[in-house]
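Quick note: the sequence shown uses numbering that gives the first Met the number 0, first residue 0, plus one each step. The next block holds one structure in the form of structure tokens; read it before the comments.
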Amino acid sequence: MNFINLVNIRIEKGKIQFEFLYKSNTFTDNLVIYLEDSTGTIYNCKIIKCKNKVFYSYNNEISYISKILIDMPLKNYGKLKIIQKKNKKIEQLIIKNNKNEVITEEGNPYIIFAKKYKIQIIENYLTVTKKVFGDKIKYELKKQIYGLKKYKRFFIFRLLKSKKRKYYLFNDRLAYGDDNAEELFKYINENHKEFAKRCYFVLEKDSLSINRLKRIGKTLSFGSFNHKLKFLNSRIILSSHSSYLGNCFNPFSIEEMDIYKDLINKKFIFLQHGVIMNDVREYLNRELTTADLLITTTKEEYKYVKSNDFMYDKDMITHSGLPRFDKLKNKNGNKIILISPTWRALKETVNFENSEYFITYKKLLNNNRLNEILKAKGYKVKFLLHPVFSKYKNLFNQLSNEYIEILASDKIKYFELFNECSLLITDYSSIHFDVAFLKKPIIYYQFDKNYFFKEHYRKGYFDYVKDGFGKVIEKEKELIIEIEHCINNNCKLETEYKNRIENSFYNLDHNNSKRVFNKVVELDSKNDINYRFNNVH
0 MNFINLVNIR IEKGKIQFEF LYKSNTFTDN LVIYLEDSTG TIYNCKIIKC KNKVFYSYNN
60 EISYISKILI DMPLKNYGKL KIIQKKNKKI EQLIIKNNKN EVITEEGNPY IIFAKKYKIQ
120 IIENYLTVTK KVFGDKIKYE LKKQIYGLKK YKRFFIFRLL KSKKRKYYLF NDRLAYGDDN
180 AEELFKYINE NHKEFAKRCY FVLEKDSLSI NRLKRIGKTL SFGSFNHKLK FLNSRIILSS
240 HSSYLGNCFN PFSIEEMDIY KDLINKKFIF LQHGVIMNDV REYLNRELTT ADLLITTTKE
300 EYKYVKSNDF MYDKDMITHS GLPRFDKLKN KNGNKIILIS PTWRALKETV NFENSEYFIT
360 YKKLLNNNRL NEILKAKGYK VKFLLHPVFS KYKNLFNQLS NEYIEILASD KIKYFELFNE
420 CSLLITDYSS IHFDVAFLKK PIIYYQFDKN YFFKEHYRKG YFDYVKDGFG KVIEKEKELI
480 IEIEHCINNN CKLETEYKNR IENSFYNLDH NNSKRVFNKV VELDSKNDIN YRFNNVH
């Protein structure tokens with residue numbers, strides 16, 4: 000028997016929507032899926048098909064994915080089964096969660112209580128029936144007994160779930176903050192005091208940024224009792240990380256989620272970590288990132304994410320711009336060249352000191368001609384290590400001198416570097432959009448582009464030569480020539496790249512946080528409740 004993944008159940012104004020993802024090794028135009036009740040009545044669905052075989056499911060199989068939406072009035076249906084009709088063959092589908100796991104383990108039902116009704120997943124059936132007095136008490140007792148038997152502990156947060164969800168939780172990287180969530184959090188605390196009373200920023204308890212965030216607003220320590228309580232009773236989670244590689248905003252462990260997952264009914268806004276330009280359908284599709292709102296910035300990015308490949312409804316995507324762009328203010332005259340390459344997924348057998356990545360930047364920073372130019376023109380290089388490579392700072396420190404400074408991400412604020420630099424040299428990092436926003440010159444040093452787009456990211460809609468905001472260079476010698484050319488031109492942005500920037504962005508102003516906040520309020524005003532079927536979300 001084949002299976003189908005239940006992604007989300009949404010309840011709103013007496014209506015219920017079931018959202019499924021159907022995965023297959025082959026694409027078909029004649030796929031028919033529907034719900035059927037015990038009387039044989041059929042409830043048809045809307046099918047959104049992705050024709051690109053690009054998605055990687057949790058079991059590492061490459062699949063075609065179709066999004067299945069079934070909208071129904073909330074009433075007493077009894078038992079519902081989901082049916083697939085394909086090539087004249089009819090079969091009932093097993094219902095699993097996003098991770099291809101059985102939702103009801105060991106005979107323990109999953110139940111959502113919605114006013115007069117209860118929605119259950121029992122084995123391979125959905126049931127929607129009227130509530131009977133005592134149903135919820137019996138269910139709570141059964142859940143606690145199940146938890147005691149399986150995990151030898153009492154799960155207190157089931158008693159602390161409130162009918163009124165109150166809180167809005169924000170987070171960037173748990174160790175630092177300093178991204179889109181922090182800037183939006185700051186905007187709300189400065190401009191919407193009443194709303195801010197229920198807003199909290201989440202950080203690791205030993206984060207060096209915690210005092211800075213406390214001066215802005217309320218904070219929570221990740222995984223603390225208070226964090227778990229407010230997460231369970233939150234209305235919206237707002238994060239610059241989507242959490243597809245592991246929990247960055249959900250404080251509950253896997254075993255805790257086994258007990259609490261039926262209580263979690265918040266919304267999720269993906270603020271993004273940067274502008275999407277590579278092929279990220281593998282990570283940001285509905286299988287892995289079940290966002291209610293996803294923020295985009297440029298015209299082509301917005302068009303790309305709206306495609307069926309991502310499986311988002313059109314109203315789930317907005318082009319409001321990244322909140323952190325509000326911090327970008329041009330400070331000229333500093334004579335700083337910022338070199339900020341992204342990370343690489345190096346093989347375990349490769350010693351970092353012997354990697355092409357380190358050897359290339361070692362040669363560049365030791366280049367005699369570069370250092371002569373810096374000295375003669377009064378410029379300084381700031382080389383920023385990606386957080387993934389910050390553990391190698393001691394290696395890079397050996398390359399520093401009076402003209403070259405090595406920086407680690409835990410000691411800096413990105414926006415200050417963007418504001419003060421006169422020229423950016425990067426490879427494939429999306430931070431070039433931040434610097435482009437400031438209309439400063441950019442050079443792309445792509446010495447390993449064949450390896451990068453084969454082993455690290457697949458190339459997306461963005462073509463660095465046709466769409467980029469500066470020259471693409473592969474050789475060190477050519478890079479030094481271009482650096483000297485930019486300096487001799489007082490780091491003035493060429494007209495060709497200025498036009499590209501102005502044609503790429505929807506907005507080049509400082510109202511990004513305001514636009515995002517308006518979208519938050521709009522989403523929050525919808526009187527709907529979402530139940531996810533994903534242990535992360």
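Note that beta-carbon positions come from the ideal geometry of N, C-alpha and C, so glycine has one too.
Residue from the options with nearest C-alpha to residue i
| i | options | result |
| --- | --- | --- |
| K513 | R323, K458, K87 | R323 |
| D426 | L416, H318, D447 | D447 |
| R164 | F532, D257, R234, I275 | R234 |
| K141 | I258, R499, C420, Q16 | I258 |
| K217 | N489, N190, Y167 | Y167 |
| V464 | Y443, V349, Y378 | Y443 |
| N365 | E404, N449, K376, T341 | E404 |
| I136 | I120, L158, D28 | L158 |
| F267 | D462, L287, E281, N277 | L287 |
| G176 | L147, Y150, L212, I93 | L212 |
| S567 | L422, N249, L423 | Look at the range of the chain in this structure, 0 to 536, and you will see that residue 567 is not part of it. |
| T128 | A113, E139, Y138 | A113 |
| L383 | H455, A407, K412 | A407 |
| P440 | R285, K453, Y456, L422 | L422 |
| R280 | N498, Y303, K260, Q271 | Y303 |
| N400 | N367, Y391, Y124, V387 | N367 |
| Y76 | T38, K491, S429, G222 | T38 |
| A344 | V387, E495, K330 | V387 |
| C247 | R172, E193, N190, S306 | R172 |
| Q445 | C420, I82, F468, K474 | K474 |
| F184 | R214, C420, T126, K227 | R214 |
| I15 | D28, T27, I111, T103 | I111 |
| I472 | V519, K458, E454, I424 | I424 |
| K227 | F156, R285, Y199, S161 | F156 |
| T126 | N353, R152, E371, L73 | L73 |
Whole-number beta carbon distance between residue j and residue i, since they are thought to touch under 8 Å
| i | j | result |
| --- | --- | --- |
| V380 | Y402 | 6 Å |
| C44 | I67 | 5 Å |
| N4 | N96 | 7 Å |
| I263 | L231 | 7 Å |
| G273 | N511 | Between N511 and G273 the Cβ distance is about 13 Å, and since that is not below 8 Å, they are no contact. |
| K117 | K130 | 5 Å |
| I482 | I336 | 7 Å |
| K265 | I236 | 6 Å |
| F154 | Q143 | 6 Å |
| S65 | Y21 | 5 Å |
| Y563 | N277 | The structure shown does not extend to residue 563, since the chain spans only 0 to 536, so no value can be given for it. |
Classification of residue i by the beta-carbon crowding that lies within 10 angstroms, buried from 16 upward
| i | result |
| --- | --- |
| N396 | exposed |
| V6 | buried |
| Y571 | Lying before the first or after the last residue shown, residue 571 is absent from the chain, which here runs from 0 to 536. |
| A375 | exposed |
| G332 | exposed |
| V31 | exposed |
| P340 | buried |
| L283 | buried |
| N517 | exposed |
| N170 | buried |
| Y450 | exposed |
| L207 | exposed |
| I480 | exposed |
| K476 | exposed |
Alpha-carbon to alpha-carbon, residue j and residue i
| i | j | result |
| --- | --- | --- |
| F269 | F2 | 28 Å |
| N86 | E122 | 26 Å |
| E35 | N529 | 23 Å |
| Y33 | E100 | 21 Å |
| K78 | T40 | 11 Å |
| M256 | K196 | 28 Å |
| I253 | E299 | 37 Å |
| I294 | K88 | 41 Å |
| K80 | K115 | 22 Å |
| K438 | I500 | 7 Å |
| F504 | F432 | 9 Å |
| S220 | K410 | 21 Å |
| P108 | L147 | 16 Å |
| L416 | S524 | 38 Å |
| E181 | A174 | 12 Å |
| Y378 | L492 | 17 Å |
| L394 | H191 | 46 Å |
Minimum Cβ-Cβ distance from residue i to chain B less than 7 Å
| i | result |
| --- | --- |
| S429 | Looking at the structure shown, chain B is missing, and only one protein chain is on hand. |
Review point. Where in the region 432 to 466 do unbroken runs of the alpha helix (DSSP H), each at least 4 residues long, occur, reported from the N-terminal end onward?
Key: Runs found: 448 to 454, 463 to 466.
Practice item. Could you tell me which uninterrupted alpha helix (DSSP H) segments, each at least 4 residues in length, are contained entirely in the region 483 to 526, listed from first to last along the chain? Key: With a minimum length of 4 residues, the unbroken runs of alpha helix (DSSP H) contained wholly in the region 483 to 526 fall at 494 to 503, 511 to 524.
Exercise for review: Please specify which runs of the beta strand (DSSP E), each continuous and at least 3 residues long, are wholly inside the region 78 to 149, giving them in chain order.
Suggested key: Complete beta strand (DSSP E) runs here, min 3: 88 to 91, 93 to 95, 109 to 113, 116 to 121, 124 to 129.
**Study point:** Complete alpha helix (DSSP H) runs within the region 360 to 394 (minimum length 4 residues, chain order)
**Key:** Listed in chain order, the complete alpha helix (DSSP H) runs (minimum 4 residues) inside the region 360 to 394 are 367 to 376.
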